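A.B. asks: Heads up: the protein sequence lines correspond to chains A and B, in order. Position 41, counted from 1, in the first sequence is what the numbering used here calls 41; the numbers after and before it change by one each time, with no gaps. Position 206, counted from 1, in the second sequence is what the numbering used here calls 206; the numbers after and before it change by one each time, with no gaps. Just so it is clear, CB atoms sit at the ideal spot from N, CA and C, and this is done for glycine as well. This structure is a prediction, so every number in the text was calculated from the model and none was measured.
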Amino acid sequence: MSLFVKGIFLEQKKEPMLTRSTLVMRQEFEYFDCDFPDSAIDELSREQIIELARLAEIVDESDGKMLWEKLEKSPSGENVTLIVDAVDDEPYISSQMSVGIHQPEKLSLGTELCEKVLSPEKVYIAMYRHILDSNFGIPKKIGKYHVKKIGGLYPAESRVHRHLPKGKNSVIIGACAMLHLARAAEESRKMTTCFVTVAGDVVKNPRNVEVPIGTTAEKILELCGLTEEPEAIILGGSMTGRAIFEPENETVGPTTRGVIALSRSYGTYSYTCIGCGRCDHACPKALSVCMMRKFAENGKFDMLEKYDVDMCIGCGACSYVCPSRIDVSATLIKAKKQMELAKKEGNL
Amino acid sequence: MKERLMFQNAPHVRQSESVVTMMTDVIVALLPIYLIAFFYHGARSLVLGISGVLFCGLLSVLGAILLREKPAADLTPIITGLIIPLLLPADIPYYVLFSACAVAIFVVKIPFGGTGYNLFNPAAVGFASVAICWPELVFRYPATMQKIEVFGESTVKIAQSPAYSLSLGAIPDQNILDLLLGSAPGPMGATNILVVVACGIFLIVKKAINWIEPVSFILPYSVLCLLFPRIGGSPLEALCYELFSGALIFGAFFMLTEPVTSPKRDFGKLMAGVSSAIVVFLFRYFGKFEMGFASALILMNVFSPIFDSVCENVLHVLRHTDNISASIKAEIAAKKAAKTVSEPVVRPVKKTEEAEIAEVSEEIAEIEAIEVSEEVLEAENETTEETEKEEALAK
Ligand code: SF4
Ligand code: SF4
Numbered sequence: 001m002s003l004f005v006k007g008i009f010l011e012q013k014k015e016p017m018l019t020r021s022t023l024v025m026r027q028e029f030e031y032f033d034c035d036f037p038d039s040a041i042d043e044l045s046r047e048q049i050i051e052l053a054r055l056a057e058i059v060d061e062s063d064g065k066m067l068w069e070k071l072e073k074s075p076s077g078e079n080v081t082l083i084v085d086a087v088d089d090e091p092y093i094s095s096q097m098s099v100g101i102h103q104p105e106k107l108s109l110g111t112e113l114c115e116k117v118l119s120p121e122k123v124y125i126a127m128y129r130h131i132l133d134s135n136f137g138i139p140k141k142i143g144k145y146h147v148k149k150i151g152g153l154y155p156a157e158s159r160v161h162r163h164l165p166k167g168k169n170s171v172i173i174g175a176c177a178m179l180h181l182a183r184a185a186e187e188s189r190k191m192t193t194c195f196v197t198v199a200g201d202v203v204k205n206p207r208n209v210e211v212p213i214g215t216t217a218e219k220i221l222e223l224c225g226l227t228e229e230p231e232a233i234i235l236g237g238s239m240t241g242r243a244i245f246e247p248e249n250e251t252v253g254p255t256t257r258g259v260i261a262l263s264r265s266y267g268t269y270s271y272t273c274i275g276c277g278r279c280d281h282a283c284p285k286a287l288s289v290c291m292m293r294k295f296a297e298n299g300k301f302d303m304l305e306k307y308d309v310d311m312c313i314g315c316g317a318c319s320y321v322c323p324s325r326i327d328v329s330a331t332l333i334k335a336k337k338q339m340e341l342a343k344k345e346g347n348l
Numbered sequence: 001m002k003e004r005l006m007f008q009n010a011p012h013v014r015q016s017e018s019v020v021t022m023m024t025d026v027i028v029a030l031l032p033i034y035l036i037a038f039f040y041h042g043a044r045s046l047v048l049g050i051s052g053v054l055f056c057g058l059l060s061v062l063g064a065i066l067l068r069e070k071p072a073a074d075l076t077p078i079i080t081g082l083i084i085p086l087l088l089p090a091d092i093p094y095y096v097l098f099s100a101c102a103v104a105i106f107v108v109k110i111p112f113g114g115t116g117y118n119l120f121n122p123a124a125v126g127f128a129s130v131a132i133c134w135p136e137l138v139f140r141y142p143a144t145m146q147k148i149e150v151f152g153e154s155t156v157k158i159a160q161s162p163a164y165s166l167s168l169g170a171i172p173d174q175n176i177l178d179l180l181l182g183s184a185p186g187p188m189g190a191t192n193i194l195v196v197v198a199c200g201i202f203l204i205v206k207k208a209i210n211w212i213e214p215v216s217f218i219l220p221y222s223v224l225c226l227l228f229p230r231i232g233g234s235p236l237e238a239l240c241y242e243l244f245s246g247a248l249i250f251g252a253f254f255m256l257t258e259p260v261t262s263p264k265r266d267f268g269k270l271m272a273g274v275s276s277a278i279v280v281f282l283f284r285y286f287g288k289f290e291m292g293f294a295s296a297l298i299l300m301n302v303f304s305p306i307f308d309s310v311c312e313n314v315l316h317v318l319r320h321t322d323n324i325s326a327s328i329k330a331e332i333a334a335k336k337a338a339k340t341v342s343e344p345v346v347r348p349v350k351k352t353e354e355a356e357i358a359e360v361s362e363e364i365a366e367i368e369a370i371e372v373s374e375e376v377l378e379a380e381n382e383t384t385e386e387t388e389k390e391e392a393l394a395k
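(1) Looking only at its chain, what residues have a beta carbon closer than 6 Å to the beta carbon of M239 of chain A, apart from the 5 residues adjacent to it on each side?
(2) Compare the C-beta of A124 of chain B against all C-beta atoms of chain A and say whether one is closer than 8 Å.
(3) Would a C-beta distance cut-off of 8 Å place C101 of chain B and I78 of chain B closer than the cut-off?
(4) Say the cut is 7 Å; is the CB of I326 of chain A nearer than that to a heavy atom of ligand 2?
(5) Out of curiosity, what's the CA-to-CA distance linking M66 of chain A and A261 of chain A?
(6) Given a limit of 9 Å on CB to CB distance, which residues of the stretch 308–326 of chain A reach chain B?
(7) Residues of chain A with a CB under 7 Å from the CB of F7 of chain B: which are they?
(8) Using the beta-carbon count (16 or more within 10 Å), is E149 of chain B buried or exposed?
(9) Is there a C-beta anywhere in chain B that falls below 8 Å from the one on D88 of chain A?
(10) What would DSSP say about Y31 of chain A, mapped onto helix, strand or coil?
(11) Is there a Cβ of chain B sitting closer than 8 Å to that of T22 of chain A, yes or no?
(12) Listing by chain order, which chain B residues have their CB less than 9 Å from the CB of C290 of chain A?
(13) Looking only at its chain, what residues have a beta carbon closer than 8 Å to the beta carbon of I326 of chain A, apart from the 5 residues adjacent to it on each side?
(14) Kindly examine ligand 1 and report whether one of its heavy atoms sits closer than 7 Å to the Cβ of V289 of chain A.
(15) Tell me which same chain residues have a C-beta within less than 7 Å of the C-beta of K337 of chain A, skipping the five on either side of it?
(16) So, Y141 of chain B versus P89 of chain B, is the Cβ gap smaller than 8 Å?
(17) Looking at the secondary structure, which residues open and close the beta strand (DSSP E) in which E210 of chain A lies?
(18) Where DSSP assigns a beta bridge to A350 of chain A, which residues make up the other side?
(19) Three-state secondary structure (DSSP) at P11 of chain B?
(20) Whose C-beta lies closer than 6 Å to the C-beta of L23 of chain A among residues of the same chain, with five residues either side of it excluded?
(21) Could you name the residues of the same chain whose beta carbon sits closer than 6 Å to that of E246 of chain A, not counting the 5 residues immediately before and after it, in chain order?
(22) Please go through the same chain and pick out, in chain order, the residues whose beta-carbon is closer than 8 Å to the beta-carbon of I50 of chain A, but skip the five residues on each side of it.
(23) Leaving out the 5 sequence neighbours to the left and right, which residues in its chain are closer than 8 Å to V202 of chain A when beta-carbon positions are compared?
(24) According to a CB-to-CB cut-off of less than 7 Å, which residues of the stretch 71–86 of chain B neighbour chain A?
(25) What in chain B is Cβ-close to T215 of chain A, meaning under 7 Å?
(26) Using the C-alpha atoms, what's the distance from S222 of chain B back to G233 of chain B?
(27) Around the Cβ of H12 of chain B, are there at least 16 other Cβ atoms within 10 angstroms (buried) or fewer (exposed)?
(28) Based on the DSSP secondary-structure assignment, which residues constitute the bridge partners of T251 of chain A?
(29) Report the partner residues of I8 of chain A according to the DSSP bridge assignment.
(30) Ligand 1 and P318 of chain A: does any heavy atom of the ligand fall closer than 7 Å to the residue's C-beta?
(31) Kindly give me the distance between the Cβ atoms of A217 of chain A and I244 of chain A, rounded to whole angstroms, as I take these residues to be in contact under 8 Å.
(32) Name the residues in the stretch 14–25 of chain B whose C-beta lies less than 7 Å from a C-beta of chain A; which are they?
(33) Beta-carbon of G116 of chain B versus every beta-carbon of chain A: anything under 8 Å?
(34) Buried or exposed, going by whether 16 or more other CB atoms sit within 10 Å of the CB of P135 of chain B?
(35) Say yes only if the C-beta of P220 of chain B is nearer than 7 Å to one or more non-hydrogen atoms of ligand 1, and no if none qualify.
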């Protein structure tokens with residue numbers, strides 16, 4: 001299978017954001033009270049750490065779940081590998097990596113706490129290696145933890161567990177959640193902020209910012225400045241995020257990874273599919289994308305199912321390579337939703 | 001800020017290459033071939049090219065108007081209009097060229113829905129149709145380096161083309177260097193092998209075409225020619241004559257690689273290349289028709305959806321076996337862990353593991369059997385080979 005698995009080469013464009021330190025927006029921090037204020041960090045017990053995560057209301061930014069639930073319900077012990085997710089394989093986005101690079105002490109402290117809860121066999125921090133246009137080295141170690149570089153082409157996030165021996169469980173926790181856990185333990189601080197990358201070709205001062213949850217996209221863009229009017233503002237990653245129209249009403253949440261302002265907008269359909277097959281080759285799941293797009297447009301859901309449309313992870317690699325600029329992945333995702341609806345109504 | 005915001009679907013960054021750049025590359029690669037034709041045949045070759053382009057463009061605009069669509073800014077008619085004259089002799093009457101263009105656009109392209117939907121290579125069908133209607137004009141090549149009038153009936157010296165000599169089983173009069181440099185009589189654009197290959201390599205480097213198709217066509221064809229030479233003399237000499245006569249190399253780089261009608265995946269392209277090599281060889285070896293390439297290409301276009309579905313079926317099996325084996329391995333590990341905790345007996349666990357693996361492989365074999373039976377008989381061998389390879393790799 002891995003013979004056929006391909007991805008796409010993306011220019012990462014992470015340079016100014018990663019070398020600059022994180023900008024913190026001025027704000028009031030919130031603190032919580034806990035019953036064990038004086039106990040030293042090294043002496044915290046498993047239950048106390050989970051309690052800390054609960055009191056601080058930490059949300060794991062890699063999947064949007066509450067951290068304490070994750071810590072409580074995840075498997076633990078010998079067979080488990082704890083992976084700290086700082087992969088960031090989409091262009092521009094570097095909010096998780098910057099946490100690892102600029103605040104390594106906090107990250108390693110948070111990881112230590114999680115290690116205590118899960119008592120895993122192995123712990124490593126996963127980062128994306130493929131940053132050709134950056135002379136920024138990724139550290140070999142953060143604290144006492146080994147940094148595993150996830151190489152290769154986009155998408156890399158789905159390959160995080162590939163290095164694991166078969167049959168082992170893994171727990172993936174985002175890097176920002178680790179940082180918030182460390183803050184909760186040290187300062188009893190609630191998680192009221194999130195890390196967002198502000199970038200794009202019309203942003204004057206692209207960098208990673210730490211803003212309160214619920215800040216509007218407009219404010220965040222004002223913070224970094226714009227050189228000209230953007231034609232598209234994107235909330236989320238540049239490959240999977242969504243375009244927004246009302247930046248004064250759209251707010252960032254714990255799982256938002258970036259706010260990107262672009263001057264160039266690619267319109268929709270500009271040409272018919274010429275059947276070049278590049279989408280087929282780009283797909284990391286080795287799906288026959290070109291055929292599936294035709295089925296999706298003609299509403300042939302039974303055929304779509306035969307072509308394994310449910311394996312599609314919506315990474316957008318197929319749309320990226322399409323020389324006709326067809327929104328292949330968007331078509332597929334839409335068809336998948338329609339399929340689910342039809343299934344619910346019992347039409348399929 | 002709000003007024004200028006536009007809607008766009010994810011992803012928000014796109015590759016800079018587009019259909020327009022790809023097609024421009026192809027057009028740029030065809031221009032040097034016209035220069036060589038100009039050098040050997042004079043201004044008539046250029047006028048033929050220009051009129052082909054204009055006529056094809058005109059026809060596709062007309063077709064769009066007839067279908068009540070807005071004429072799109074489309075470069076494919078230009079490519080078709082550039083390729084067709086290159087397959088014809090330099091003194092071809094204009095009405096033959098126009099008929100070929102008309103067939104290419106009005107019969108092959110527009111009725112099926114325009115660019116991207118044609119079932120056959122338009123240039124190949126256009127050429128094949130005029131070759132059937134006017135064989136005495138299409139296969140009569142003027143000798144090189146003589147002046148051909150730009151308009152009107154030409155009165156030029158006719159020479160025997162190497163492809164024709166080969167079909168008679170005779171060694172051509174020209175030596176191989178002549179063939180390489182293009183001074184041998186033949187189709188206007190296909191004679192200068194060196195320039196054609198250079199242009200093809202340019203296209204491959206620019207990623208406008210895939211290298212697999214030309215290579216997988218030319219290599220098997222050479223092997224076949226070495227094994228079954230049509231003429232006497234050393235096999236290597238015979239091979240060179242076979243490869244360099246007619247529009248073989250030109251077609252391999254410029255017509256076989258047409259994206260719309262060729263298979264999508266690399267493996268499908270490989271199958272298409274190899275099978276068209278075999279078909280072209282058979283056409284040339286047994287047929288009396290001088291140029292089997294266009295007809296073979298049209299025949300292979302029919303098969304490209306089949307090659308695609310073969311690839312999809314193979315991948316379908318692989319995707320599912322990957323999932324099945326991963327989940328079963330996880331199960332085995334979980335069971336192992338559970339057993340080692342409760343009763344530290346090793347042997348039974350091993351046995352169940354082996355049994356499980358046997359079950360899995362049986363399952364895989366079953367799925368494969370079903371898939372293979374679904375496929376078209378012709379492609380059966382290749383599929384099983386492929387899965388076997390994959391299994392071996394997996395092991
Ligand atoms: S979006 Fe889906 S179909 Fe497209 S490349 Fe990604 S996994 Fe493949
Ligand atoms: S990449 Fe675009 S043009 Fe090429 S086959 Fe896929 S959908 Fe068609």
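C.D. replies: Looking at the coordinates:
(1) The residue labelled residue 239 of chain A in the question sits at position 239 within the first sequence. These residues qualify, in order along the chain: E90, G316.
(2) Here residue 124 of chain B refers to the residue found at position 124 of the second sequence. Chain A contact via Cβ: absent.
(3) In the second sequence, residue 101 of chain B corresponds to position 101, counting from 1. In the second sequence, residue 78 of chain B corresponds to position 78, counting from 1. Contact: no.
(4) By 1-based counting over the first sequence, the position of residue 326 of chain A is 326. Flag set: Cβ of I326 of chain A near ligand 2.
(5) As a first step, residue 66 of chain A is located in the first sequence; it is residue number 66 there, counting from the start. As a first step, residue 261 of chain A is located in the first sequence; it is residue number 261 there, counting from the start. Using only the alpha carbons, I get a separation of about 30 Å.
(6) D308, M311, G314, C315, G316, A317, S319, Y320, V321, C322, P323, S324, R325
(7) Sequence index remark: in the second sequence, residue 7 of chain B carries index 7 (1-based). A243, listed in chain order.
(8) As a working note, residue 149 of chain B is residue 149 in the second sequence. By the neighbour-count rule (16 or more Cβ atoms within 10 Å), E149 of chain B is not buried but exposed.
(9) Sequence index remark: in the first sequence, residue 88 of chain A carries index 88 (1-based). No, its Cβ sits nowhere closer than 8 Å to a Cβ of chain B.
(10) For the purposes of this step, residue 31 of chain A is identified with residue 31 of the first sequence, where counting begins at 1. Three-state result, Y31 of chain A: strand.
(11) One-based indexing of the first sequence puts residue 22 of chain A at position 22. So, not an interface residue.
(12) The count along the first sequence starts at 1 and reaches residue 290 of chain A at position 290. Simply K264, D308.
(13) Here residue 326 of chain A is taken as the residue at index 326 of the first sequence, counted from 1. The answer, listed in chain order, is Y269, Y271, C273, R293, S319.
(14) What you label residue 289 of chain A is simply residue 289 of the first sequence in a count that begins at 1. Indeed, a heavy atom of ligand 1 lies less than 7 Å from the Cβ.
(15) Here residue 337 of chain A refers to the residue found at position 337 of the first sequence. None.
(16) Along the second sequence, one-based indexing puts residue 141 of chain B at 141. Along the second sequence, one-based indexing puts residue 89 of chain B at 89. Their beta carbons are under 8 Å apart, which means Y141 of chain B touches P89 of chain B by this criterion.
(17) Taking the first sequence and counting its residues from 1, the one referred to as residue 210 of chain A is at position 210. 207–212 is the extent of the beta strand (DSSP E) around E210 of chain A.
(18) There is no way to answer for residue 350 of chain A, as the model of chain A reaches only from 1 to 348.
(19) In the second sequence, residue 11 of chain B corresponds to position 11, counting from 1. If DSSP states are grouped into helix, strand and coil, P11 of chain B belongs with coil.
(20) For the purposes of this step, residue 23 of chain A is taken as the residue at position 23 of the first sequence. R207, V209.
(21) As a position in the first sequence, residue 246 of chain A is number 246, starting the count at 1. Cβ neighbours of E246 of chain A beyond the five flanking positions: none.
(22) For the purposes of this step, residue 50 of chain A is taken as residue 50 along the first sequence, with counting starting at 1. The residues are W68, L71, E72, V117.
(23) As a first step, residue 202 of chain A is located in the first sequence; it is residue number 202 there, counting from the start. So the qualifying residues of the chain are L226, T227, E228, E229, P230, A261, L262, S263.
(24) none
(25) If you number the first sequence from 1, residue 215 of chain A lands on position 215. Near T215 of chain A there are no residues of chain B at all, since even the closest Cβ is about 16 Å away, more than 7 Å.
(26) As a working mapping, residue 233 of chain B is identified with position 233 in the second sequence. As a working mapping, residue 222 of chain B is identified with position 222 in the second sequence. The alpha-carbon atoms of G233 of chain B and S222 of chain B are separated by roughly 16 Å.
(27) Counted from its first residue, the second sequence places residue 12 of chain B at position 12. H12 of chain B comes out buried.
(28) For the purposes of this step, residue 251 of chain A is taken as the residue at position 251 of the first sequence. In DSSP, T251 of chain A forms a bridge with A:T216.
(29) Translated into the one-based positions of the first sequence, residue 8 of chain A becomes position 8. A:Y154, per the DSSP bridge assignment.
(30) Position 318 of the first sequence, counted from the first residue, corresponds to residue 318 of chain A. The sequence given here has Cys at residue 318 of chain A, not Pro. Result yes, Cβ under 7 Å from ligand 1.
(31) Translated into the one-based positions of the first sequence, residue 217 of chain A becomes position 217. Translated into the one-based positions of the first sequence, residue 244 of chain A becomes position 244. Yes, A217 of chain A and I244 of chain A are in contact; Cβ-Cβ is about 6 Å, under 8 Å.
(32) R14, Q15, E17, S18, V19, M22
(33) Along the second sequence, read from residue 1 onward, the residue named residue 116 of chain B stands at position 116. By this cut-off, G116 of chain B is an interface position.
(34) Here residue 135 of chain B refers to the residue found at position 135 of the second sequence. Burial call: exposed.
(35) Locating residue 220 of chain B in the second sequence gives position 220, counting from the first residue. Checking the Cβ of P220 of chain B against ligand 1 gives no.
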